[in-house]
Every structure is written in C-alpha cells, then in structure tokens.
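In the working numbering, the protein residues as written are 101 to 245. For each residue, glycine too, the CB sits at the ideal point set by N, CA and C.
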C-alpha cells in the first residue's frame with residue numbers, strides 16, 4: 101500500500117482532478133490512500149495529526165527541501181527495494197511550516213524533488229505523477245521517457 105499523508109486540503113478543482121487522475125492510475129498497481137490532516141499554526145499540532153497515521157511497520161519517506169535528490173529511475177528502484185521488506189510506503193508532505201523534527205527522525209528516507217518551493221496542491225500532483233512513473237518503469241511499460 102502507498103499512503104500519502106498531507107497537511108491541508110486542496111481547494112482548486114483543476115488540482116483535485118489531476119490528483120484524482122494519478123490516484124486512479126496508481127491504483128492499478130497498488131492500493132493507495134491519501135490522508136489529509138488539518139493545517140495548523142504550529143508544527144507540534146501538525147505532527148500530532150500526522151503521527152497516528154504512521155505505523156511502526158511503515159517505510160516512511162518525508163518530502164523535504166534538504167532531502168536526497170533522485171532521478172525517476174532511482175525512485176522506482178527504491179520503491180521496488182522497499183516492497184521487499186515493507187508492505188506500506190508512507191510519503192509525508194508537510195505544510196508551509198515544514199515538518200516537525202519528530203517526523204523527520206521517524207523517516208527512513210528524506211527526499212527532495214527540488215530546491216524550489218511548490219504550492220502544496222501542485223507538489224502533491226507531482227509526487228503522484230512520479231509514483232505512477234515509478235510503477236511504469238518497474239513494469240517496463242511505455243510512458244517513461
């Protein structure tokens with residue numbers, strides 16, 4: 101299973117449609133669940149909302165500006181390797197405040213997609229697209245260029 105934990109809700113319909121499209125595409129390969137928690141005014145409250153959704157058995161990947169940069173092929177290989185030992189990969193997207201240190205410490209891997217700052221909804225779509233791309237790569241299906 102893939103879990104995407106997100107702080108905040110998506111308001112824009114065009115982003116909701118993109119996210120739903122990739123969620124549907126990914127579901128052909130793996131069960132996927134997107135969990136949204138309330139956007140708060142401090143990291144402790146956001147941490148307290150996110151932690152209940154993270155199991156001790158989950159492989160946790162936090163999305164952080166200072167995380168490891170990877171190519172699409174490297175992410176695909178990593179996902180493949182993770183599924184050898186874990187049944188759930190949990191991706192954590194923080195708010196504009198970032199992520200609490202406790203969540204960073206819980207992470208098995210911190211990944212950065214860029215040094216840029218992205219709008220939350222757009223980044224969620226980019227993450228889902230890269231997960232979908234990973235499954236296409238792993239299944240030797242045409243899509244990835």
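The region 103-170 contains, as complete alpha helix (DSSP H) runs of 4+ residues, the segments 113-126 and 143-150 (chain order).
According to the DSSP secondary-structure assignment, residue 195 is paired through a beta bridge with 198. Counting C-beta pairs closer than 8 Å gives fewer than three between the region 158-167 and the region 122-137, which falls short of the contact rule. By the Cβ rule, the region 174-181 does not count as touching the region 215-227, because fewer than three pairs are nearer than 8 Å. With contacts defined as CB atoms closer than 8 Å, residue 203 and residue 147 qualify as a contacting pair. Boundaries of the alpha helix (DSSP H) around residue 238: 220-238. Between residue 193 and residue 105, the beta carbon gap of about 7 Å places them in contact (Cβ cut-off 8 Å). Counting other Cβ atoms within 10 Å of its Cβ, residue 159 reaches 16 or more and is therefore classed as buried. Approximately 5 Å separates the beta-carbon atoms of residue 126 and residue 232; this is inside 8 Å, confirming the contact. Exclusion of the five residues before and after residue 229 leaves 122 as the residues of its chain whose Cβ lies within less than 6 Å of its Cβ. The shortest CA-to-CA distance from residue 150 to any of 198, 171 and 234 is the one to 198. Annotation: the continuous beta strand (DSSP E) that includes residue 210 extends over 209-212. Here DSSP, grouped into helix, strand and coil, assigns residue 187 to coil.
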